[in-house]
Amino acid sequence: MPAPSVAPALGSIASDERWVENRPTAGRRALDVRELWAFRELAWFLASRDVRVRYKQAALGLCWAILQPLAGAAVLTLVFQRFTNVSSGTASYQSFAFCGLAVWTYYSTSLNSVTASLVTNSSLVTKVYFPRLAVPLSALLPGLIDLGVALTVLLVGLLIFGQLPGIAVLTLPLWTVALVVATIGPGLLLATLNVRYRDVHHAFGLLIQLWFFASPVAYPSTVVDGGWRYVYALNPVSTVLDGFRWALLKAPAPGLPAAVSAAVAAVLAWAGLRYFVAAERRFSDII
Amino acid sequence: MTSPVISVDSVSKRYLLGEQHSSVRDVVDDLGGILRRRRGRRTPPNELWALRDVSLEVDEGEAVGIIGRNGAGKSTLLKVLTRITEPTAGASRTRGRMGALLEVGTGFHTELTGRENVFLNGAIIGMSRREVRRRFDEIVEFAAVEQFIDTPVKRYSSGMYLRLAFAVAAHLDADIMVVDEVLAVGDAEFQRKCLAKMAEVERSGRTILFVSHNIEAVARLCQRVVWLDRGHLVLDGPTNDVVDGYLSSSLESDTGAPIEAEAGAPLIVERFQVRDQDGRVGMVMRRNEPFIIEVDVLLQHEVDLDVSVVVDTVRGGRLLDEAWTDTNAQRKRPPGRYRFTLVVPPVLNAGDYSVGLWIGSSYDTYVWVESAILLHLEGETHGRPERGLQLELRWDVDYEPVTVGQS
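These protein sequences, in sequence, are chains A and B.
Mapped onto this note's numbering, the consecutive letters of the first sequence carry residue numbers 118 to 404.
Mapped onto this note's numbering, the consecutive letters of the second sequence carry residue numbers -2 to 404.
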């Protein structure tokens, strides 16, 4: 398939034009990175469609990106600070919770939209050819806007209250990439399963709720100590949250257990990609 | 100029019916297959061969029509060609840029404006942003929605929506255009416009593959026709030969199209057919003789029954919608076997029609198949194929000689 952006001269097919073949896949299917790249514009369009649609007819528009973690942080502050008095380290609990919620909101909403992406775009899957991976990957992008807005607000707030973040703030892009990678693996697995089993959609709410409590959003990861830290790090989001707080709130840097998280995230991303690519050829038949 | 650009080599496609949402074991199998490179052999529960050993070759610049009844495999063939789905066996190969139009307005989002949707849909069917921008004015003009281009399409009338959707697709510059039934929508004028656009595309030397129920449109646009039936390629050749064969074949084949009643309906449609006065059942009737539409129904318990037969032109215009209760007041019917017979006098023009069936009560619809039988009325249109009716109404003329030009 030639890149969609290259239009050959009208009405005449260059004799050197390649044959594009469609035959049953024998054995394992490889991921065609070049083709995926050729369709990057489509992925971009799908992402920008989702962004536009999200705030259409919403009077508050992007303010929701701030309001959501703000309201969440207020609730968490009330519950965890007043009644249980969880320590949030050097930062105030409010900024601690707001930072955690901003990251968590990206994770949970993006995971949700990646999971549902193929089914919500089923008319595309059954009527048009394109590398299917473009759909779940595009679903990873819109949440980044909200994350960016929320973190900017947090930074401004920190500046106003004179709590300047240290040099570690420069690692923010790294943690953002880590967050996206941590979303890809489970996202692709769930999206692929969802094509055939819509149960996934129903189970998702439960899953994400449990995951919330298994991640250091409302409480710091320092409540876990000793060897348990390595077990706790099996959840990659825990390290990502620690990373963001280290970069912004001078929280302790993620230690050695981060390696466990990185490994888990990488393995999940690899497995998700493999499963997706293997199942991809049947999507249009069973969706 | 006769180099092939499409080559289909013994393509078969199997669909598994029924138990698609199989057991958890399948998931484990799927997952395991990736790790172990092995796939558990499952015996397919119920399979359907949508395509069976189909081969054909299309040269550059040819316009080929694909005809066949519902479920003949036409759409599946296009889906294999466009790589939307993988064949079960065989291979299809294409050369050049492919433009697939299996549906107009794929990916349109009702919340987005016309402008946003044009760019989005363009990207989906494979146009670059630059290309869309270059042809944007043309697209909007063709769709005739200039004033509304920055309005969300949810405020559009369905006609405007369709026009805009088709307009984007019509301006896609592809070497091979694959078009599936997109002309089956919209009003007559819009369809004429679409057909004209397709003819223009054809004249520009591009290769077209055109699936339609509209035999007339296929005949007008294509020099060559491929006829599929239940997944098999029956005939491939010059349009007239294949269309003739297709229309006359319906005489011998089983014409009592099976009609499925809605779940929970208190009846079974045992037969729905068209026959002539001599009892000859078929899908080709003579234009200048009455024909008879017959519905056999087994009613399982008493209901307020009504039966209605509709006859549409292939362009979608409704010519007849005759309800049984138009002439019979008594609706409550005891269980039993019924045969409803409707005699249609020779009023329709020669051409293709679809015959549909509705059965219901005052509250429910039990059966609604809008296009159950494709009926061809053989005969003379007297050069006016566009008209739906041929009534030969009586004209009266009064004449009185007048001397003109003198006072």
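By construction, the Cβ of each residue, glycine as well, lies at the ideal position given by its N, Cα and C atoms.
Under a CB-based cut-off of 8 Å, is residue 205 of chain B close to chain A?
-> Look at residue 205 of chain B: its C-beta is not under 8 Å from any C-beta on chain A.
In the structure shown, what three-state DSSP assignment does residue 280 of chain A receive?
-> Three-state result, residue 280 of chain A: coil.
How about residue 121 of chain B and residue 159 of chain A: are their beta carbons less than 8 Å apart?
-> Against a cut-off of 8 Å, the Cβ pair of residue 159 of chain A and residue 121 of chain B comes out as a contact.
Is the CB of residue 402 of chain A under 8 Å away from at least one CB in chain B?
-> Yes, contact with chain B.
Could you check the C-alpha separation between residue 378 of chain A and residue 351 of chain A for me, to the nearest Å?
-> The alpha-carbon separation between residue 378 of chain A and residue 351 of chain A amounts to approximately 5 Å.
What's the call for residue 235 of chain B, buried or exposed, on a 16-neighbour Cβ count within 10 Å?
-> Under this definition residue 235 of chain B is an exposed residue.
With 8 Å as the threshold, decide whether the Cβ of residue 139 of chain A is near any Cβ in chain B.
-> Cβ-Cβ to chain B under 8 Å: yes for residue 139 of chain A.
To the nearest whole angstrom, what separates the beta carbons of residue 8 of chain B and residue 61 of chain B, a pair I think is in contact under 8 Å?
-> Residue 61 of chain B and residue 8 of chain B do not touch by the CB rule: their CB atoms are close to 15 Å apart, not below 8 Å.
List the residues of chain A that residue 168 of chain B touches, going by C-beta distances under 9 Å, in chain order.
-> Here the premise fails: no neighbours, minimum Cβ distance about 12 Å.
Quick one: is residue 223 of chain A near chain B, going by C-beta distance under 8 Å?
-> Chain B, which has no Cβ nearer than 8 Å to the Cβ of residue 223 of chain A, makes this no.
Nearest-angstrom Cα separation, counted from residue 124 of chain B out to residue 122 of chain A | Any reading at residue 122 of chain A needs caution, since the residue's pLDDT is 38, under 50, leaving its predicted position unreliable; the model's value is listed next. So the two alpha carbons sit approximately 7 Å from each other.
With a cut-off of 8 Å, does the C-beta of residue 142 of chain A fall near any C-beta of chain B?
-> It does: the Cβ of residue 142 of chain A has a partner Cβ on chain B nearer than 8 Å.
CA-to-CA distance, residue 318 of chain A to residue 2 of chain B, given in whole angstroms | The alpha-carbon of residue 2 of chain B is positioned some 43 Å away from that of residue 318 of chain A.
Beta-carbon of residue 151 of chain A versus every beta-carbon of chain B: anything under 8 Å?
-> It does not: the Cβ of residue 151 of chain A has no partner Cβ on chain B nearer than 8 Å.
For residue 319 of chain A, does the three-state DSSP call read helix, strand or coil?
-> Here residue 319 of chain A sits in helix by DSSP.
Identify, in the order they occur along the chain, each residue of the same chain with its Cβ nearer than 6 Å to the Cβ of residue 54 of chain B, setting aside the five sequence neighbours on each side.
-> For residue 54 of chain B, where only same-chain residues beyond five positions count, the Cβ hits under 6 Å are 1 and 4.
Does the beta carbon of residue 3 of chain B sit closer than 8 Å to a beta carbon anywhere in chain A?
-> Residue 3 of chain B does not count as touching chain A.
Chain A contacts made by the stretch 196 to 226 of chain B, where a contact means CB separation under 8 Å = Answer set for the stretch 196 to 226 of chain B: 201, 202 and 203.
Residue 207 of chain B (DSSP reduced to helix, strand or coil) = Of the three classes helix, strand and coil, the one that applies to residue 207 of chain B here is strand, per DSSP.
Any chance the stretch 163 to 183 of chain A sits against the stretch 104 to 122 of chain B, with 3 or more Cβ pairs inside 8 Å?
-> The stretch 163 to 183 of chain A, when compared against the stretch 104 to 122 of chain B, does touch it at the 8 Å Cβ threshold.
Between the CA atoms of residue 283 of chain A and residue 353 of chain A - distance to the nearest angstrom | Put simply, the backbone Cα of residue 353 of chain A is about 24 Å away from that of residue 283 of chain A.
Proximity below 8 Å, CB of residue 98 of chain B to CB of residue 166 of chain B | Yes, the pair counts as a contact, with Cβ atoms nearer than the cut-off.
Does the Cβ-Cβ distance between residue 342 of chain B and residue 287 of chain B come in under 8 Å?
-> Taking 8 Å as the Cβ cut-off, residue 342 of chain B and residue 287 of chain B qualify as a contacting pair.
Hey, would you say residue 363 of chain B sits closer than 8 Å to residue 310 of chain B, going by beta carbons?
-> No, the Cβ-Cβ distance between residue 363 of chain B and residue 310 of chain B is not below 8 Å.
So, is residue 205 of chain B buried or exposed, given that buried needs 16 or more other C-beta atoms within 10 angstroms?
-> By the neighbour-count rule (16 or more Cβ atoms within 10 Å), residue 205 of chain B is buried.
Does DSSP put residue 228 of chain B in a helix, a strand or coil?
-> Note: residue 228 of chain B maps to coil in three-state DSSP.
Grouping DSSP H, G and I as helix and E and B as strand, with all else coil, what is residue 173 of chain A?
-> When DSSP states are grouped into helix, strand and coil, residue 173 of chain A belongs to the coil group.
Measure how close the beta-carbons of residue 153 of chain A and residue 251 of chain A come, nearest whole angstrom, since I'm counting them as under 8 Å.
-> Approximately 7 Å separates the beta-carbon atoms of residue 153 of chain A and residue 251 of chain A; this is inside 8 Å, confirming the contact.
If you measure beta-carbon to beta-carbon, which residues of the stretch 95 to 122 of chain B are closer than 8 Å to chain A?
-> Correct list: 95, 97, 99, 100, 103, 104, 106, 108, 109, 113, 116, 117, 120, 121 and 122.
Check whether the Cβ atoms of residue 256 of chain B and residue 271 of chain B sit closer than 8 Å, and answer yes or no.
-> For residue 256 of chain B and residue 271 of chain B, no; Cβs fall outside 8 Å.
Could you have a look at residue 327 of chain B and say whether DSSP puts it in helix, strand or coil?
-> Under the three-state reduction of DSSP output, residue 327 of chain B falls in the coil class, being neither helix nor strand.
May I ask which residues mark the beginning and end of the beta strand (DSSP E) holding residue 187 of chain A?
-> Element bounds for residue 187 of chain A: not the beta strand (DSSP E) but the alpha helix (DSSP H), 180 to 193.
Reference residue 382 of chain A; option with closest CA among A:268, A:320, A:184 and A:305 | For the set A:268, A:320, A:184 and A:305, the Cα lying nearest the Cα of residue 382 of chain A is the one of A:305.
In DSSP terms, what residue 315 of chain B is bridged to = As DSSP reads the structure, residue 315 of chain B sits in a beta bridge with B:309.
So is residue 246 of chain A in contact with chain B if we call contact Cβ pairs under 8 Å?
-> Any Cβ of chain B closer than 8 Å to the Cβ of residue 246 of chain A would place that residue at the interface, and such an atom is present.
Determine, using beta carbons only, whether residue 82 of chain B comes closer than 8 Å to chain A.
-> Contact with chain A is found for residue 82 of chain B, since one of that chain's Cβ atoms lies less than 8 Å from the residue's Cβ.
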